[in-house]
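Data block below; observations after.
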Amino acid sequence: MSPVRLFILGVLSYIAWRLIRGLGQKKRTENGQRQSRSSGVKDVLVEDPVCHTLIPKGQAIRLRRQGKTFYFCSEKCCDTFTGESGGEE
Ligand SMILES: [Zn+2]
Numbered sequence: 025m026s027p028v029r030l031f032i033l034g035v036l037s038y039i040a041w042r043l044i045r046g047l048g049q050k051k052r053t054e055n056g057q058r059q060s061r062s063s064g065v066k067d068v069l070v071e072d073p074v075c076h077t078l079i080p081k082g083q084a085i086r087l088r089r090q091g092k093t094f095y096f097c098s099e100k101c102c103d104t105f106t107g108e109s110g111g112e113e
């Protein structure tokens with residue numbers, strides 16, 4: 025067996041390995057895009073406990089209190105809520 029033939033075999037196997045690896049990476053990125061798309065479309069509406077307006081969860085102002093999360097349309101409503109329920113502190 026000639027050393028040139030061995031060299032060509034090595035190069036071919038290297039190219040094949042790179043192709044397989046490249047295909048695997050493409051599949052991974054496609055899956056990632058699908059996941060982010062599905063999670064981005066679904067935006068849940070939440071109710072403001074002060075003025076009872078429905079706001080998309082992503083745009084709402086969040087307040088965590090006693091293990092519960094409250095959502096507000098504006099900082100003004102958030103202030104009103106904290107003023108009503110946390111006055112004793
Ligand atoms: Zn509000």
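Add 24 to a position in the sequence shown, counting from 1, and you land on the number used in the numbering used here.
Beta carbons: idealized from backbone N, C-alpha and C, even for Gly.
What are the partner residues of residue i, as DSSP defines its beta bridges?
i     : result
VAL70 : ILE79
LYS92 : ARG89
Between the Cα of residue i and those of the options, spot the shortest distance and give me the residue it belongs to.
i      : options                       : result
ILE79  : LEU87, ARG88, GLN90 and ASP67 : ASP67
THR106 : LYS81, THR77 and ASP72        : ASP72
Whose C-beta lies closer than 7 Å to the C-beta of residue i among residues of the same chain, with five residues either side of it excluded?
i     : result
ALA40 : none
Using C-beta distances below 6 Å, list every residue in its chain close to residue i, excluding the 5 sequence neighbours before and after it, in chain order.
i     : result
LEU87 : PHE94 and CYS102
CYS97 : ASP72, THR77 and ILE79
Keeping to the same chain, check which residues put their C-beta closer than 8 Å to that of residue i; ignore five residues upstream and five downstream.
i      : result
LYS81  : ASP67, VAL68, LEU69, VAL70 and TYR95
THR104 : VAL74
Ligand 1 site residues, beta-carbon cut 6 Å against heavy atoms: ASP72, VAL74, CYS75, THR77, PHE96, CYS97, SER98 and CYS101
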